[in-house]
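One structure is given below, encoded as structure tokens.
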Amino acid sequence: MPSAIDPPMSSSRANHDGASAIADAAASAASSEDDVSPWSSLHADLVRQLGWEVLAGDILDYVRFRAVCAHWRSSTVAPRGHGIVDPRFHPKRWFLLPEGHGLHPADGKKRFFNLSTGVFVRVLLPFLSDSYVLDSADGLLLLQRKSQDTSAIRLLHPFTDDFAELPPPMSLVRANLDMSDGTRRVDFRSVTSISVTVDGVVAVMIKLYNISRVFFATTKDRQWSVSTWNIGWYSETISSNHISP
Numbered sequence: 001m002p003s004a005i006d007p008p009m010s011s012s013r014a015n016h017d018g019a020s021a022i023a024d025a026a027a028s029a030a031s032s033e034d035d036v037s038p039w040s041s042l043h044a045d046l047v048r049q050l051g052w053e054v055l056a057g058d059i060l061d062y063v064r065f066r067a068v069c070a071h072w073r074s075s076t077v078a079p080r081g082h083g084i085v086d087p088r089f090h091p092k093r094w095f096l097l098p099e100g101h102g103l104h105p106a107d108g109k110k111r112f113f114n115l116s117t118g119v120f121v122r123v124l125l126p127f128l129s130d131s132y133v134l135d136s137a138d139g140l141l142l143l144q145r146k147s148q149d150t151s152a153i154r155l156l157h158p159f160t161d162d163f164a165e166l167p168p169p170m171s172l173v174r175a176n177l178d179m180s181d182g183t184r185r186v187d188f189r190s191v192t193s194i195s196v197t198v199d200g201v202v203a204v205m206i207k208l209y210n211i212s213r214v215f216f217a218t219t220k221d222r223q224w225s226v227s228t229w230n231i232g233w234y235s236e237t238i239s240s241n242h243i244s245p
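Residue numbering for the sequence shown follows full-length UniProt numbering, beginning at 1 and increasing consecutively.
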């Protein structure tokens with residue numbers, strides 16, 4: 001089901017960057033009353049390059065850019081289907097606002113806040129009605145299903161509905177981690193890191209709150225692996241790149 005994104009709750013932005021200005025100006029020109037707009041007749045290669053410039057600023061500006069006309073839409077890469085496997089489409093500066101006490105709004109819409117622009121949007125996320133949000137990394141949501149028999153962990157892109165399946169957390173359970181309220185949900189007070197290989201394999205590394213080991217898995221794995229080395233909360237920064245089970 002496609003994500004439904006409401007208009008921003010604020011009509012102005014704290015910092016209207018160059019990429020957003022491109023999207024605004026181009027959309028205004030292409031939707032003018034003139035019979036032929038030079039914007040809508042741009043060469044496809046130029047439109048694609050402009051699109052990448054807009055995407056470097058914000059993914060929702062890129063969505064607006066592609067909505068200008070059919071020519072621009074066909075000349076640029078669709079976010080859906082690339083939202084997770086292509087890091088350029090990650091919603092890096094968007095933050096999911098907590099609703100409090102794990103409540104899920106009746107209309108299924110969650111509020112997101114852009115750390116760079118101060119814009120709020122509300123997004124329809126039906127997946128969250130039966131899932132816990134464990135963490136967020138690079139704007140992607142790390143979810144676990146509430147149902148005991150389908151306790152898979154998945155990554156979700158909140159604006160494209162793309163998701164990637166990760167191994168269930170039973171290997172974490174075997175490591176004697178805390179469980180809660182009778183489900184197979186791990187107490188994930190954590191720091192999560194995500195990386196993507198050139199062939200689209202997603203790797204996730206998790207450092208749990210009170211465990212000195214690091215857990216990691218990829219979308220190709222069947223279970224989580226545990227590091228053989230310990231790490232403390234005040235250790236030097238480590239990278240998730242090139243880590244393998």
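Backbone N, C-alpha and C define an ideal beta-carbon position, used for all residues, glycine too.
In this structure the region 36-51 touches the region 63-80; the number of beta carbon pairs closer than 8 Å is three or more. Spanning the alpha carbons of I153 and G118 requires a straight line of approximately 30 Å.
The residue among A137, G108, V123 and F113 with its C-alpha nearest the C-alpha of D130 is G108. When only Cα atoms are considered, G81 and F113 end up about 23 Å apart.
In this structure, the straight-line span from the alpha carbon of V121 to that of L143 is close to 20 Å. Annotation: the continuous beta strand (DSSP E) that includes L208 extends over V202 to L208.
Non-local beta-carbon contacts of S75 in its own chain, meaning distances under 7 Å to residues more than five positions away in sequence, involve A44, V47 and R48 in chain order.
The three-state reading of DSSP puts S131 in strand, counting E and B together. The beta-bridge partner set that DSSP reports for V198 is empty. Excluding the 5 residues flanking it on each side, L50 has no same chain C-beta neighbour closer than 6 Å. No Cβ-Cβ contact shorter than 9 Å links F159 with I84. It is roughly 19 Å from the alpha-carbon of R88 to the alpha-carbon of A67. Annotation: the continuous beta strand (DSSP E) that includes V214 extends over V214 to T218. The beta carbons of V204 and R213 sit about 15 Å from each other, so the pair does not count as a contact at 8 Å. Pairing G139 with F95, the inter-Cα distance amounts to about 7 Å. Spatial neighbours of L156 in its own chain (CB-CB distance under 7 Å, excluding positions within 5 residues in sequence) are listed in chain order as F127, L140, L141, L143 and F163. In the structure shown, the three-state DSSP call for S41 is coil. In this structure, the alpha-carbon of A217 lies about 45 Å from that of W39. Here the alpha carbons of A56 and T219 stand approximately 26 Å from one another.
Measuring C-alpha to C-alpha distances from S195 to each of P168, E165, A137 and T228 identifies A137 as the nearest. Of the candidates V201, V54, P169 and V198, P169 places its Cα closest to the Cα of W224. The DSSP-derived three-state label of R154 is strand.
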